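Visitor: Dropping the structure in here first, questions after.
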Amino acid sequence: MPRRMLDCREVPSDNGCTLTLTGEEAEVLEAGAAHAVAVHGHTDGEELRSGLRAHLRDAPQATGAGAFVQLIEFRTQQYDEMDSLIDGWMSEIGADRTARWMVMGRDLDRDGTYVEVVEFPSAEEAKKNSDSPVTTAFAEKMTGICDGPASFRNLEVVRAETP
Numbered sequence: 823m824p825r826r827m828l829d830c831r832e833v834p835s836d837n838g839c840t841l842t843l844t845g846e847e848a849e850v851l852e853a854g855a856a857h858a859v860a861v862h863g864h865t866d867g868e869e870l871r872s873g874l875r876a877h878l879r880d881a882p883q884a885t886g887a888g889a890f891v892q893l894i895e896f897r898t899q900q901y902d903e904m905d906s907l908i909d910g911w912m913s914e915i916g917a918d919r920t921a922r923w924m925v926m927g928r929d930l931d932r933d934g935t936y937v938e939v940v941e942f943p944s945a946e947e948a949k950k951n952s953d954s955p956v957t958t959a960f961a962e963k964m965t966g967i968c969d970g971p972a973s974f975r976n977l978e979v980v981r982a983e984t985p
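Count along the sequence shown starting at 1, add 822, and that's the number in the working numbering.
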């Protein structure tokens, strides 16, 4: 059974909470409900728990063969704005997010150049992400702050090692 995850950054919030809970689904729902009551002032009940269930997703796992990794290289002098765009995308796509994890790197040899590594369970899940209207809107905004077009590399994982 996959571990499940609930991330406050992906749920609309007035206080900008960044708590992430990971574990078995029942544990995450119980802890999420307690957190929502104690920190966010919600009332526990089926309506709250139903809302939490809608935001549950599989927790990131070590990448293995058959997974899919996308490398996105772009140039911008407005990285803080890009960072905000990414946060907005994550919040807006919420439980429909198919990317399991991402890493952003700044190129030390080429000023203003960044490479984002995004992992998906499969190429099909990556396509589902790309086809999302939320992702399409994000890509349009991204284009507006980049110095030229982004380049993409689509890679099927054939080997992955974890310590």
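For each residue, glycine too, the CB sits at the ideal point set by N, CA and C. Owing to the predicted nature of the structure, the values given are computational and were not obtained by experimental measurement.
Please go through the stretch 826-914 and give each complete alpha helix (DSSP H) segment of 4 or more residues, from N-terminal end onward.
Guide: As far as the stretch 826-914 is concerned, its whole alpha helix (DSSP H) runs of at least 4 residues are 847-862, 868-877.
Visitor: Using the C-alpha atoms, what's the distance from Asn-837 back to Lys-963?
Guide: Here residue 963 refers to the residue found at position 141 when the sequence shown is read from its first residue. Here residue 837 refers to the residue found at position 15 when the sequence shown is read from its first residue. For Lys-963 and Asn-837, the distance between alpha carbons rounds to 25 Å.
Visitor: What residue ranges within the stretch 949-980 form continuous alpha helix (DSSP H) runs of no fewer than 4 residues, ordered along the chain?
Guide: 955-967
Visitor: In the structure shown, what three-state DSSP assignment does Gly-927 receive?
Guide: Translated into the one-based positions of the sequence shown, residue 927 becomes position 105. If DSSP states are grouped into helix, strand and coil, Gly-927 belongs with the strands.
Visitor: What are the start and end residues of the beta strand (DSSP E) that includes Thr-935?
Guide: In the sequence shown, counting from the first residue as 1, residue 935 sits at position 113. Residues 935-942.
Visitor: For Glu-903, which option in Gly-934, Leu-878, Gly-873 has the closest C-alpha, if you only look at C-alpha atoms?
Guide: Here residue 903 is taken as the residue at index 81 of the sequence shown, counted from 1. Comparing Cα-Cα distances from Glu-903 to each of Gly-934, Leu-878, Gly-873, the minimum goes to Gly-934.
Visitor: Using the Cβ count rule (16 or more neighbours within 10 Å means buried), how would you classify Glu-941?
Guide: For the purposes of this step, residue 941 is taken as the residue at position 119 of the sequence shown. Glu-941 should be labelled buried.
Visitor: Counting Cβ pairs, one atom from each stretch, are 3 or more of them under 8 Å apart for the stretch 892-912 and the stretch 837-852?
Guide: no
Visitor: When DSSP labels each residue in this structure, what does Glu-947 get in the three-state scheme?
Guide: As a position in the sequence shown, residue 947 is number 125, starting the count at 1. Secondary structure of Glu-947 (DSSP, three-state): helix.
Visitor: Using alpha carbons as the reference points, say which of His-862, Ala-959, Thr-840, Val-937 lies closest to Glu-914.
Guide: By one-based count along the sequence shown, residue 914 stands at place 92. Residue Ala-959 is the option with its Cα nearest to Glu-914.
Visitor: Pairs of beta-carbons, one from the stretch 868-875 and one from the stretch 944-952, closer than 8 Å: are there three or more?
Guide: no
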